[in-house]
Amino acid sequence: MPRVLWVVRHAEREDNINSNWRKTANPHKLKSDNSPLSSRGHQQAKELAARFANVHIDHIFASPFERTVETATAIASEIKIPIKLEPGLCEALYMCEEPPSFEEPEALKKRFHLIDTSYKPIFNKPMPKEGMGDSACVGRLQKTIEGICEKFKDAKSIVLVSHASPIGAIHEVLVNKWTYVGQATVTKFVETEKGSKETKFWSKQKQFCLEYSANADHLSNKSNLRPY
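Read the sequence shown against the UniProt record's numbering and you will find it ends at 228, with the numbers running on by one and no gaps.
Pasting the structure below:
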């Protein structure tokens, strides 16, 4: 059975609809780069969970920002497996505070009980320096995907919950084509047997093909998913 990577973008953010969210919808005192999900986002996360309810998943990895952890928690609660927090999947760093304001796993576990605090991530604070622009995170995402695939060689079905620019970078790394995807959408990559010099995975002698990108069939409301 070939390995499958399911790449999920977090659901709608509170700051997409409420510019004053830090004063009106911020009980955990989150900083400006760490918006939680909106009410619509929580509904989208439930619909994502229903999509994966009957899919075998070995591991769920998530960026440690609030919106990605909330999205991953909905899925993990449905299929009853822990969440591995991976800072390598976090937002493009030029869009974050310095340093990025995501919390440590032990702190997040107080609110999100499915977090696996024993997981040793590929990246951790302090995060590496990155340039400006969305594509500056490609190197980090290449190292993250390679590290996860190497560390969990026997895993055949992996969910990665991340953000717009890192998911664009994952497309670039795996199939050599940067692609933006909408919020709460699902992208499916399937591993093939032989590597190719045209992909950044050539050194691993593995290659992934893209089965579909930015699929939103599970969403009851497909309007304004903000791919950019």
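Think of the CB as a built atom: it goes at the ideal place given N, C-alpha and C, for glycine as much as any other residue.
Exercise. Candidates I81, Q183, I158 and A155: which alpha carbon is nearest residue 229's?
Worked result: As shown, the chain starts at 1 and ends at 228. That puts residue 229 outside it, with no answer to give.
Exercise. Under 7 Å, do W21 and D15 count as touching if we go by C-beta distance?
Worked result: yes
For this session: Throw me the rounded Cβ distance for the T71 and H10 pair, which I believe falls under 8 Å.
Result: 4 Å
Exercise. Are the CB atoms of E86 and P121 nearer to each other than 7 Å?
Worked result: yes
Exercise. So, L114 versus I83, is the Cβ gap smaller than 7 Å?
Worked result: yes
Problem set entry | CA-to-CA distance, E12 to K222, given in whole angstroms | 12 Å
Problem set entry | Classification of S203 by the beta-carbon crowding that lies within 10 angstroms, buried from 16 upward | Reliability of the predicted coordinates at S203 is poor, the pLDDT of 44 falling under 50, and no value is obtained from them.
Exercise. In terms of residue numbering, what span does the alpha helix (DSSP H) encompassing residue 231 cover?
Worked result: The first residue shown for the chain is 1 and the last is 228, placing residue 231 beyond what the model contains.
Problem set entry | Simplified DSSP state of S19, which is helix, strand or coil | coil
Problem set entry | Closest by C-alpha distance to residue 234, when choosing among R51, K23 and P126 | Missing from the structure shown is residue 234; the chain here goes from 1 to 228 and no further.
For this session: Let me know if K197 comes out buried or exposed under the rule of 16 or more other beta-carbons within 10 Å of its beta-carbon.
Result: Residue confidence is low: K197 scores 47 on pLDDT, short of 50, so the model does not pin down where it sits. Its coordinate-derived value is still stated next. The residue is exposed, with fewer than 16 neighbouring Cβ atoms inside 10 Å.
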